[in-house]
Amino acid sequence: MTGKPENLATVAQLNVQKLSREGSLSVHVADQLETLITSGGITVGQKLPTENGLCESFGVSRTVIREAITHLKSLGLVETRRGVGTTVIRTSAVEAMPAERISPTTVEDILHVLELRLNLEPAAAELAAQRHDDDDRRILQEKHDAFIRARAEKTQARTEDYEFHYAIAEATKNPFFKAFYEQLSQSVIPRAKLMSIEINTSSTDKYLARVEEEHTYILEAILARDPATAREMMYQHLNRARNMYAKFQEA
1 MTGKPENLAT VAQLNVQKLS REGSLSVHVA DQLETLITSG GITVGQKLPT ENGLCESFGV
61 SRTVIREAIT HLKSLGLVET RRGVGTTVIR TSAVEAMPAE RISPTTVEDI LHVLELRLNL
121 EPAAAELAAQ RHDDDDRRIL QEKHDAFIRA RAEKTQARTE DYEFHYAIAE ATKNPFFKAF
181 YEQLSQSVIP RAKLMSIEIN TSSTDKYLAR VEEEHTYILE AILARDPATA REMMYQHLNR
241 ARNMYAKFQE A
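Okay, so the sequence shown: first residue is 1 according to the UniProt record's numbering, each after it adds one.
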């Protein structure tokens, strides 16, 4: 005998629009789900529909749904547990930020670097998905695992973050991508530019958990030799960072 749990939102309950191909699909999905949650359309304690149900409702792929859910988690609206699903835990967004405050000069520097990375690294991820070999697969997984360990040890994981992205650059088999990363070194990672007094230690783990999940999606796409998804996941990863640091500039 089977049945749906009473607290599981059904696809029929979601008043959402199927998406066009314009703009970032995951952003559009996340925006609609965020509105449903913050307006009470999906209540605290209620589970979102399954990935398959959301794919059907929005007319998008599982990758798009996963990226949208990652964004909702970054806002503190939902949590996902294996075997349970994704549950709404609050109706007002609380985004984990890596810093209490950042000097205007540092913010400007970070945004300039992220602008550069946004125009290079999605292409690098795409090429890595096409060209990586067995050694690259091993190194990419090792660097990702190192990031996970560093987060578990409550560090800022700056070196591990850099080395994961550097491994992607190496996997392109294009020496100029590798040279780009070598030239900027760890300064390419925004957190490396922050002074200790600026770091928001209370939200570091939550912030790095989001980075870890985004890295996971990038890695999965590369190892699956899915260039389009690898490119999109890298773009979303960096664009989310750019939008977040831009908030310090606006403040």
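Every residue, glycine too, gets a C-beta built ideally from N, C-alpha and C.
All values derive from a computational prediction rather than experimental measurement.
Taking 9 angstroms as the cut-off, decide whether the C-beta atoms of residue i and residue j are in contact.
| i | j | result |
| --- | --- | --- |
| H132 | L223 | yes |
| V27 | Y245 | no |
| P227 | L127 | yes |
Short of 6 angstroms in beta carbon distance, which residues of its chain neighbour residue i, apart from the five on each side in sequence? Order them along the chain.
| i | result |
| --- | --- |
| K178 | A169, E170 |
| D136 | A171 |
| T63 | T229 |
| M234 | E121, P122, A125, I218 |
For residue i, would you say it is in contact with chain C, using Cβ-to-Cβ distances shorter than 9 angstroms as the test?
| i | result |
| --- | --- |
| A68 | No chain C appears in this structure, which consists of one protein chain only. |
Quick check on residue i: buried or exposed, where buried means 16 or more other Cβ atoms within 10 Å of its Cβ?
| i | result |
| --- | --- |
| residue 317 | Given a span of 1 to 251 for the chain in the structure shown, any question on residue 317 remains unanswerable. |
| E56 | exposed |
| S74 | buried |
| R240 | buried |
| P175 | exposed |
| Q32 | buried |
| T204 | buried |
| E232 | buried |
| E214 | buried |
Give every residue of the same chain whose Cβ lies closer than 7 angstroms to the Cβ of residue i, excluding the five residues on either side of it in the sequence, and list them in chain order.
| i | result |
| --- | --- |
| E212 | F147, I148, R151 |
| L238 | L114, R117, L118, E121 |
Cα separation between residue i and residue j?
| i | j | result |
| --- | --- | --- |
| H112 | R158 | 19 angstroms |
| N52 | A68 | 14 angstroms |
| E220 | R66 | 12 angstroms |
| T86 | A167 | 31 angstroms |
| Q130 | Y181 | 20 angstroms |
| K247 | G59 | 31 angstroms |
Please go through the same chain and pick out, in chain order, the residues whose beta-carbon is closer than 8 angstroms to the beta-carbon of residue i, but skip the five residues on each side of it.
| i | result |
| --- | --- |
| A192 | R158, Y162, Q186 |
Just tell me which of the options has its CA closest to the CA of residue i.
| i | options | result |
| --- | --- | --- |
| E79 | K47, Q183, H215 | K47 |
| T155 | Y207, I139, H237 | Y207 |
| E121 | Q236, R101, V29 | Q236 |
| L184 | G40, S61, L114, P98 | L114 |
| L54 | V44, D145, L25 | L25 |
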